[in-house]
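In what follows, a single structure is set out as structure tokens and then discussed.
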Amino acid sequence: MHPTTLDSGANMRNLLGKLRLTGFIARLARDTRGVSAVVFAISFAVMTPMALSVFDVYQSTEQRGKLQDALDAAALYAAKSTATDTPGISAAGTKALNANLQLITGATLTSSSFVLVPSNGDNKVVAQAQVALPAFAPLAFTHSPVTVNSEVTRPGNNLEVSLVLDNTGSMSGSPMTSLQAAANQLIDLVVSPTQSPYYSKLAIVPYSNSVNAGAYANSVRGVPVVANPVLQAACINQPGCTKMQFTSFTGATQTFTNSSCVSERTGAEAFTDASYTTAKVGWVYPPPASQGNNCITAVVQPLSSDKTALHNTIGTLTANGSTAGALGVAWGWYVISPNWSSLFPAASQPATYGTPHLIKAMILMTDGDFNTTYCKGVISGVTSATDGSSGSQTYHSACGSPNGNAFAQAQALCDAMKAAPNNVVVYTVGFLHGAPQPQAQAILSNCATDASHVYFPTNGTSLQVAFQQIAADLNKLRISH
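In our numbering, the protein residues as written are 390 to 870.
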């Protein structure tokens, strides 16, 4: 074959090869479907976790906001509750958090805590909560639970409360049992187990025909002079001796023996809380025990946070005698008055009026009309608007009370203690377990701070409810908002 012919064939084959390659390249340029699929697959693998991570971050931010709002509200609710310790604060806070918290789908509240801690003289509710979140991109980054914190400062008040309790004869039996149960419950509700940074103290003033000052008697009314067998003139119609002779309402001559019980004071300080060093209280010469109206046995308990001592005092209450309600009111004031602080042990001394973060209150309870007053240490003949106390007037003094009837005295004392700068909060409880007592109900309504501080229970159950409501109100006062 001619060489030229061979060269021409080779050239033709080369030309055809080039044409096929060019066509393939052209077709490849025209068909991008395979390349797009590859690119999309690569992009999806890279971009999807990034997108899900963004969604995770969004969910975390959203849940954090919801959790913070709910925890703030719960901490505030707990701070405004009447709870006085961490278990109580925790219960209130947890309840509020569960009620208010909104969780995104798949999220779980894993923990929460509410703690009451002292802080610069106040209390502070310190709260924390944690929520676990669902993870849409679990491998993209570390998914930590959402944790938030909240703190609410809880300013409060010190509490000094006097509990003035009727121990008269009409309280005998189930009424006294009911009173003791209600009073013991009130002690537990008002006196906090935690006395820092704020304290809550209670005093108890039992009264019937008189108030037993116990070991404080000589300080508040004077030391009795021992009377000679033949009474000296100083011991006739004049208190101050161990025995005193007087003329009774019926004209009989009587000689009674001094007791540790005390009666109202007279003169310019009759209706004030001026110190006992300035104006002494009255003496009590009770009739013979067989005649009733003897010296009440339960003794005044000054302010205390010792629940055992307070419960023990309630256990000594017994029913006997008539109703010197004004005396109960007076001593209910004295035991929380700073003017009487020197009489009591240091732990029982009332704070000064106007002290910051201080609430003073009195709870006055009775089951009947006030019907007993004194003249020179002996129950007076005509004692009140109800005209006489229990017992024979043979054993009552011929003279009437220089301070007026028991209702007028009680009202004057209540008005004075409620007025500035004393600002004592007064609650009254009329235990109407028998017939209605219009005059008692009237004085209790007038004596109280306002109508919302007056209670008229008619049986043991409603008496306990009344005391529970008073305790709740006192705790609200203790925790200022």
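Positions of the beta carbon are idealized from the N, C-alpha and C atoms, including for glycine.
Positions of the beta strand (DSSP E) runs, each at least 3 residues long and wholly inside the segment 735 to 778, are given as 747 to 755 in order along the chain. The Cβ atoms of T499 and Q519 lie closer than 8 Å to each other.
Counting other Cβ atoms within 10 Å of its Cβ, Q858 stays below 16 and is therefore classed as exposed. In this structure, DSSP gives Y588 a state outside helix and strand, which the three-state scheme calls coil. Short of 6 Å from the beta carbon of E658, and not among the five residues preceding or following it, lie these beta carbons of its own chain, in chain order: A668. Below 8 Å, enough C-beta pairs join the segment 588 to 597 and the segment 678 to 697 to call them touching: three or more.
In the displayed model, S500 falls within a strand according to three-state DSSP. A check of alpha carbon separations from A831 across A861, F759, S781 and S786 identifies F759 as the nearest. Each of A488, F638 and Q621 was checked against the Cα of H785, and the nearest Cα belongs to F638.
The segment 815 to 869 contains, as complete alpha helix (DSSP H) runs of 4+ residues, the segments 827 to 836 and 849 to 867 (chain order). Short of 6 Å from the beta carbon of F733, and not among the five residues preceding or following it, lie these beta carbons of its own chain, in chain order: P691.
Going by C-alpha positions, G656 is about 16 Å away from C788.
Per DSSP, the unbroken beta strand (DSSP E) holding A518 starts and ends at D511 to A521.
With a threshold of 16 other beta carbon atoms within 10 Å, P628 meets it and is buried.
Runs of the beta strand (DSSP E) lying entirely within the segment 654 to 705 and spanning at least 3 residues, in chain order: 690 to 693. Of the candidates G721, N573, P676 and V767, the residue whose Cα lies closest to the Cα of L852 is N573. The C-beta of Q621 has fewer than 16 other C-beta atoms within 10 Å across all chains shown, which makes the residue exposed. If the five residues before and after L465 are omitted, its C-beta is found closer than 7 Å to the C-beta atoms of V541, all from its own chain and listed in chain order.
Around the beta carbon of D662, 16 or more other beta carbons sit within 10 angstroms, so the residue counts as buried. Taking the C-beta atoms as reference points, Y742 is found nearer than 8 Å to P810. S679 counts as exposed, since fewer than 16 other C-beta atoms from the protein chains shown sit within 10 angstroms of its C-beta. Exclusion of the five residues before and after S479 leaves F503 as the residues of its chain whose Cβ lies within less than 6 Å of its Cβ. With at least 16 other beta carbons inside 10 angstroms of its own, Y665 counts as buried. Per DSSP, the unbroken beta strand (DSSP E) holding N538 starts and ends at V535 to R543. Straight-line spacing of the CA atoms in A735 and A801 works out to 30 Å.
With a beta-carbon spacing of about 15 Å, E549 and K807 fall beyond the 8 Å limit used to define contacts. The three-state secondary structure of Q634, taken from DSSP, is strand.
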